[in-house]
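Structure first, commentary second.
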Amino acid sequence: MDQWLKEAKQAPDAEKVGMYLTHNGTVRITPKAQVRNGQTDAAPVTGMEFSYDPQKLEQAIQEARKLEGIYYVRVWLNEGRLSVGDDLMYVLIGGDIRPHVVDALQFLVGTIKRECVVEKELH
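All letters in the sequence shown, in the order written, are residues 0 to 122 by numbering that gives the first Met the number 0.
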């Protein structure tokens, strides 16, 4: 992420950026059924099968770049069979003011999770 930030600060619109936010999604041991639905008897996660659609991802990135005050977007997604603690994604958003950057990060990560990736928890 340090290298990404160095590169972002050299990008053409870097002088317009007042804030960068990052997101690092990882594989957690707690199953989605527990954290989202409160299901306490769900088996712990031992890993995950993770894949994504590159075209949908590119579309989501382009949509995020069009948001008000956003001048920098970079995303990396992992693929394959992953273990607990492995990185799923990195997202870096740069924009003019905090509300725009927070909203853009929320929008992009939400879009990626809803429309671009397939996650299968392994137990």
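Don't be surprised by glycine CBs; every beta carbon is placed ideally from N, CA and C.
Over the uninterrupted beta strand (DSSP E) stretch that includes residue i, give me the two end residues.
i    : result
L121 : 116-121
V90  : 86-94
Along the chain, where does the alpha helix (DSSP H) that runs through residue i open and close?
i    : result
G109 : 97-110
Any idea what DSSP makes of residue i, helix, strand or coil?
i   : result
E78 : coil
V16 : coil
L4  : helix
I think residue i touches residue j, with their Cβ atoms under 8 angstroms apart; what is that distance to the nearest whole Å?
i    : j    : result
A7   : Y71  : 5 angstroms
V117 : L76  : Contact doesn't hold; Cβ gap of about 11 angstroms is too wide.
L104 : H22  : 6 angstroms
K15  : E120 : Incorrect: roughly 40 angstroms between the Cβ atoms, too far for contact.
G79  : F49  : 7 angstroms
V83  : R27  : 7 angstroms
Output the residue ranges of the beta strand (DSSP E) runs that lie fully inside the region 16-63 and measure 3 residues or longer, sorted by chain position. 18-25, 46-51
Is the region 28-40 in contact with the region 93-110, if contact means three or more CB pairs nearer than 8 angstroms? no
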